[in-house]
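What follows is a short report on a single structure.
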Amino acid sequence: MKIPSFLRLGSCSLGVGLALTLYADSTIYLPAFQVVGQETSLHGEAVSASQGYVGSDDLALLMAEGAGGLLESVPGMIATQHSGTGKANQYFLRGFNLDHGTDFLVTVDGMPINMASHGHGQGYADMNFLIPEMVSMVSYLKGPYYAMVGDFSSAGSASMSLRNVFAQDFAELALDEYGQQRFVAGVSRELEAGNTLFAMELEDNDGPWDLDENLQKRNGVFRFSKEGAGQRFSLTAMAYDASWDATDQIPDRLVESGEISEFGYIDPTVGGRSTRYSLSANWRLDDKDQRTFASVYAIHYDMNLWSNFTYFLEDQENGDQFEQADRRQLYGFNFGKSYYHVELLGKQTTHTLSVSGRWDDIDRLGLYATRERERLSTVREDEVDVKMVSGAYEMRVNWTPRLRSQVGIRFDNTDISVLGDQVENSGDAGDSIASPKANLVYTMNDNMEWYLSAGESFHSNDARGAVVGVDPLVASRGHEFGFRYQLAGKFNSSVAFWSMNLDSELLYVGDAGGTEASLSSERSGVDWTTFFAISERLNADLDFAWSDGSFAEGPADQRFIPGVVKKKWGGGLSYRLSDAMSLGLRYRFFGERPLIEDGSVMSEASESVSLRISGKHGDWEWMAQVSNLFDSRDPDISYYYESRLLGELAEGVADIHSHVMKPRRLQVSLKRLF
Numbered sequence: 001m002k003i004p005s006f007l008r009l010g011s012c013s014l015g016v017g018l019a020l021t022l023y024a025d026s027t028i029y030l031p032a033f034q035v036v037g038q039e040t041s042l043h044g045e046a047v048s049a050s051q052g053y054v055g056s057d058d059l060a061l062l063m064a065e066g067a068g069g070l071l072e073s074v075p076g077m078i079a080t081q082h083s084g085t086g087k088a089n090q091y092f093l094r095g096f097n098l099d100h101g102t103d104f105l106v107t108v109d110g111m112p113i114n115m116a117s118h119g120h121g122q123g124y125a126d127m128n129f130l131i132p133e134m135v136s137m138v139s140y141l142k143g144p145y146y147a148m149v150g151d152f153s154s155a156g157s158a159s160m161s162l163r164n165v166f167a168q169d170f171a172e173l174a175l176d177e178y179g180q181q182r183f184v185a186g187v188s189r190e191l192e193a194g195n196t197l198f199a200m201e202l203e204d205n206d207g208p209w210d211l212d213e214n215l216q217k218r219n220g221v222f223r224f225s226k227e228g229a230g231q232r233f234s235l236t237a238m239a240y241d242a243s244w245d246a247t248d249q250i251p252d253r254l255v256e257s258g259e260i261s262e263f264g265y266i267d268p269t270v271g272g273r274s275t276r277y278s279l280s281a282n283w284r285l286d287d288k289d290q291r292t293f294a295s296v297y298a299i300h301y302d303m304n305l306w307s308n309f310t311y312f313l314e315d316q317e318n319g320d321q322f323e324q325a326d327r328r329q330l331y332g333f334n335f336g337k338s339y340y341h342v343e344l345l346g347k348q349t350t351h352t353l354s355v356s357g358r359w360d361d362i363d364r365l366g367l368y369a370t371r372e373r374e375r376l377s378t379v380r381e382d383e384v385d386v387k388m389v390s391g392a393y394e395m396r397v398n399w400t401p402r403l404r405s406q407v408g409i410r411f412d413n414t415d416i417s418v419l420g421d422q423v424e425n426s427g428d429a430g431d432s433i434a435s436p437k438a439n440l441v442y443t444m445n446d447n448m449e450w451y452l453s454a455g456e457s458f459h460s461n462d463a464r465g466a467v468v469g470v471d472p473l474v475a476s477r478g479h480e481f482g483f484r485y486q487l488a489g490k491f492n493s494s495v496a497f498w499s500m501n502l503d504s505e506l507l508y509v510g511d512a513g514g515t516e517a518s519l520s521s522e523r524s525g526v527d528w529t530t531f532f533a534i535s536e537r538l539n540a541d542l543d544f545a546w547s548d549g550s551f552a553e554g555p556a557d558q559r560f561i562p563g564v565v566k567k568k569w570g571g572g573l574s575y576r577l578s579d580a581m582s583l584g585l586r587y588r589f590f591g592e593r594p595l596i597e598d599g600s601v602m603s604e605a606s607e608s609v610s611l612r613i614s615g616k617h618g619d620w621e622w623m624a625q626v627s628n629l630f631d632s633r634d635p636d637i638s639y640y641y642e643s644r645l646l647g648e649l650a651e652g653v654a655d656i657h658s659h660v661m662k663p664r665r666l667q668v669s670l671k672r673l674f
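The sequence shown begins at 1 in UniProt numbering and counts up by one.
Given below as structure tokens:
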């Protein structure tokens, strides 16, 4: 095993530790070190059965695979990977194949992560810039019922909060049997002028594949925060750089014939590199019965991604490898004000207004034919400018001690300009959309609440399609009925029955490596989430989701939506063996799904089990985890399309292309606290 220089120097690096502040989309803040999570009572606060918090203790039990895996803390969410570790995960929720984020909004410290008109696919949400240890909480909202979230949020949203300080400074080294070497560290100081925090993550990883990933990832964070006199302020700088080789999905026919292993590859030169730098600030002022909040951010992003999904189908001489390039600056702001205890018609009301703006200044959006990462020709190259301005209003009314409501309206306007290397690809477009929201809550008793929700939302389409006739903004409509039963600190269970209609699907096209607008659709399903503190030592959680979806138009025998997951369920147990040692067990089931519109080809279901034991002795903490405990060889993800290998017929072969789960893997880590 090669030992990178950063690990040899790791003992000279100073580590990091973490505290707790929540920035939800509506700018909610929690005091430092307040413990919140699955057991936290939302009685009197929640407006739907599909929202909640996941605290840092719960995130630690998740056994997540990287930063993208943290989104599996959202009940019903599946995060998979069909390519290299440096690429964004692919997500599934509520019957949506979300690709890399088409209809699920992710924010970190107030910054949107989904990229509009991204080079690889609309809504691309790459979480790799985020150090998992920096996340103090995930606040999630499922469904289109909340006025303070907009583009990409039809299926839901997740807001990740960053820590202001660490409980203790730390340095940690993690290794696995397939070449992962990860060093993460951080330090924070509570000073009179404010809190300062620094964190860093350095990772090299080859992975279990026949072709080494050669992942090299570097992350750094500096954060300043201050609290006092009713005000809170934070300023955060983040930097990320990564490069990797990839093993994309491979055709089942080659694995079945024994020509390659299930961990094999076709094109050894695919992969990518990506950089991201950001500066963000958040501020809040509480003054009697008012709250004022504001945030601003600036992001520089650069990505080059090389893929080859069809091999020699289109170009029998050079192959079908292509490069997608994206270089942009992204700027945005959010400003709002809340008014509490406002008496209206004899009722106590709360009013929140906000205005936000976002500007994606994309100076290179390119698609190129390549061979071994060398450009052969330009398919298209564009400069793209996407601006969006939004306004939102919410009103909450307490009608009686048992009945409350929250209604809202959101307005979004976008202006798009595309300057292409080909005249026919250039143009301007604009669109506006209004999205009403309504929630009604009935409190049955101190433990149980009933919820009724309805609302509209939208997703934006790629600017390159919007200037040639595709609608820039596409509406969605959702309805939900549910309930929540809670015994504070002991038991928390929620059930939601939901439905969703989209005016146009965004579908991932496996052989093109991108998304395209498609037909209107309809979905329905049920979510059930439960947390149970069985004893002082033993906790359990269970998450079940069932959904059904189809196109609302087109031939009757062509209405299956590729990627709709009917069943997802999972859960875990955590047992505290002693004050210094704990044990965790998690299970995940990812159900089968149609791969083509007539439903004749289905993916396999997959399931996995992970086991973790951890402990502490003095200033040292250790962990050992076995992922995929039973060494399942189920596919992590599958697609169905035509591809061609050398020697096959010119028209190609229609086949399932899969990316297998990582095999059973032992990972160990050692952390030093300071």
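A virtual CB, placed ideally from N, CA and C, is assigned to each residue, including glycine.
Residues of its chain near residue i, where Cβ-Cβ distance is below 8 Å and the 5 sequence neighbours each way are ignored
i	result
Phe322	Trp306, Ser307, Asn308, Leu367, Tyr368, Ala369, Thr370, Val379, Gly513
Gly571	Ala540, Asp541, Leu542, Asp543, Arg586, Tyr587
Pro663	Pro208, Phe263, Asn628, Asp631, Arg633
Val601	Pro594, Leu595, Tyr640, Ile656
Classification of residue i by the beta-carbon crowding that lies within 10 angstroms, buried from 16 upward
i	result
Trp209	buried
Gly510	Any answer about Gly510 is weak, because its pLDDT of 44 lies below 50 and its placement is not dependable; what the coordinates show is given next. Buried is the call here.
Pro144	buried
Phe170	buried
Gly358	Inspection of the sequence shows that residue 358 is occupied by Arg rather than by Gly. It counts as buried.
Arg404	buried
Asp360	buried
Lys437	buried
Glu553	exposed
Val660	buried
Ala488	exposed
Which listed residue (the options) has its alpha carbon closest to that of residue i
i	options	result
Glu424	Leu646, Asn398, Val468	Val468
Ser56	Gly123, Phe166, Arg94, Asn114	Phe166
Ser493	Gly525, Leu502, Ser499, Gly482	Gly482
Ser521	Ser476, Val565, Val653	Ser476
Ile416	Asp462, Ser643, Asp245	Asp462
residue 743	Leu215, Ser627, Pro268	Absent from the model: residue 743. The displayed extent of the chain is 1 to 674, so no value can be given.
Ala193	Phe224, Leu573, Arg284, Thr102	Phe224
Gly568	Glu592, Ser154, Ser73	First, the amino acid is wrong: residue 568 is Lys here, not Gly. Checking every option, the nearest Cα to that of Lys568 belongs to Glu592.
Asp655	Ser139, Glu256, Ser117, Leu330	Glu256
Asn164	Tyr124, Gly230, Ser234, Tyr178	Ser234
Pro75	Arg664, Val221, Ser606, Phe590	Phe590
Ser547	Glu72, Gly584, Phe92, Ser608	Phe92
Asn334	Val389, Gln324, Glu383	Val389
Gly420	Glu394, Asp363, Val397	Asp363
Arg484	Glu65, Val474, Asn445, Ala246	Asn445
Asp598	Leu649, Phe531, Pro562, Ser460	Pro562
Ala545	Leu313, Arg94, Gly69, Met200	Arg94
According to DSSP, residues forming a beta bridge with residue i
i	result
Ile561	The partner list for Ile561 (beta bridge, DSSP) is empty, contrary to what the question assumes.
Met137	Gly55, Ser161
Asn398	Gln348, Arg404
Tyr368	Glu323, Thr378
Ile637	His659
Trp620	His617, Arg672
Ala193	According to DSSP, which records beta bridges pairwise, Ala193 is partnered with nothing at all.
Gln329	His300, Asp361
Gln231	Gly228, Leu285
Straight-line Cα distance separating residue j from residue i
i	j	result
Met137	Ser159	8 Å
Ser261	Ile534	44 Å
Gly186	Met238	14 Å
Leu645	Ser41	56 Å
His82	Pro132	21 Å
Leu365	Val386	12 Å
Thr414	Ser499	27 Å
Lys142	Ala155	6 Å
Ala496	Asp527	5 Å
Thr310	His100	20 Å
Asn67	Glu172	The sequence as given places Ala at residue 67; Asn does not occur at that position. Approximately 16 Å between the Cα atoms of the pair.
Ile78	Glu343	44 Å
Chain-order list of residues whose beta-carbon lies under 6 Å from that of residue i (same chain, five-residue window excluded)
i	result
Tyr301	Arg276, Arg328
Phe411	Gly391, Ala434
Spatial neighbours of residue i in its chain, beta-carbon cut-off 7 Å, leaving aside the 5 residues before and after
i	result
His118	Tyr124, Asp326
Residue i: CB within 8 Å of a non-hydrogen atom of the ligand MN
i	result
Thr414	Ligands in the displayed structure: none, and consequently the ligand MN is not present.
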